[in-house]
Amino acid sequence: MKILMPTTPGGHLKQVLLLAENLKGNFDITFVTYNSPSIGNILKDYKVKLVIDPFRRFKGLFKYPLLLVLLFQALIILLKENPDAIVSAGANVPIPFCYLGKLFGKKIIFLESWSRVKVPSLSGKLAYKVSDLFFVQWKSLKKFYPKAVYAGRLM
Numbered sequence: 140m141k142i143l144m145p146t147t148p149g150g151h152l153k154q155v156l157l158l159a160e161n162l163k164g165n166f167d168i169t170f171v172t173y174n175s176p177s178i179g180n181i182l183k184d185y186k187v188k189l190v191i192d193p194f195r196r197f198k199g200l201f202k203y204p205l206l207l208v209l210l211f212q213a214l215i216i217l218l219k220e221n222p223d224a225i226v227s228a229g230a231n232v233p234i235p236f237c238y239l240g241k242l243f244g245k246k247i248i249f250l251e252s253w254s255r256v257k258v259p260s261l262s263g264k265l266a267y268k269v270s271d272l273f274f275v276q277w278k279s280l281k282k283f284y285p286k287a288v289y290a291g292r293l294m
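The opening residue of the sequence shown carries number 140 in the working numbering; numbering runs sequentially from there.
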């Protein structure tokens, strides 16, 4: 089974990496993120696809055309990798993969950030609409995501 794990560097990557470590050996895992010093050697044991980060390079209206670039990159990666499932967390990068993946009939699993205790994230709100399985790490978020699975904190 092939799993695609689109995420952003930093804390979101570390959370998804914890999942990947438990799945490694049983699944073919590919990470998708953008280049950042924080990824360093963390992903050396995995296949990695790099995409553009539309929110760091440009501000204001200039970032919107780059969202189209990210959408196109997501389409190409999904067609080449043809994963069975998309497991993700984080902002901006996962969302195009979740929506395109849903169009292609892929299973979508999203993990809302552990830092979201009382208020849902924009990415979480967007991913919830297309997720087959949606995890929250705090019970207080169940009121925003009634179909979510409370799984406790991922550590």
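Ideal Cβ positions, reconstructed from N, Cα and C, are used throughout, including at glycine.
From a predicted model like this one, the values you see are computed outputs, not experimental measurements.
Contact under 7 Å by Cβ, residue i with residue j
{"i": "T172", "j": "L143", "result": "no"}
{"i": "A228", "j": "V275", "result": "no"}
{"i": "F249", "j": "F283", "result": "no"}
Alpha-carbon spacing of residue i relative to residue j, whole angstroms
{"i": "K153", "j": "I191", "result": "19 Å"}
{"i": "V302", "j": "L239", "result": "Because the chain in this structure spans residues 140 to 294, residue 302 falls outside the shown range and cannot be described."}
{"i": "P148", "j": "N174", "result": "8 Å"}
{"i": "Y185", "j": "A287", "result": "28 Å"}
{"i": "H151", "j": "P285", "result": "22 Å"}
For residue i, the nearest candidate out of the options (CA to CA)
{"i": "P145", "options": "K183, Q212, W277, A290", "result": "Q212"}
{"i": "W277", "options": "N165, I181, V258, D271", "result": "V258"}
{"i": "L205", "options": "L280, P235, P176, G263", "result": "P235"}
{"i": "A135", "options": "K163, S262, V187, E160", "result": "Because the chain spans 140 through 294 in this model, residue 135 falls outside it and cannot be assessed."}
{"i": "F243", "options": "V232, E251, N180, I216", "result": "I216"}
{"i": "I181", "options": "D167, F166, N165, E160", "result": "E160"}
{"i": "M140", "options": "A287, G164, Y289, H151", "result": "G164"}
{"i": "D271", "options": "V232, V226, A290", "result": "V226"}
Buried or exposed by the 16-neighbour rule on C-beta atoms within 10 Å, applied to residue i
{"i": "K245", "result": "buried"}
{"i": "A266", "result": "buried"}
{"i": "S279", "result": "exposed"}
Residues bridged to residue i [DSSP beta-bridge criterion]
{"i": "S260", "result": "DSSP lists no partner for S260."}
{"i": "Y289", "result": "V275"}
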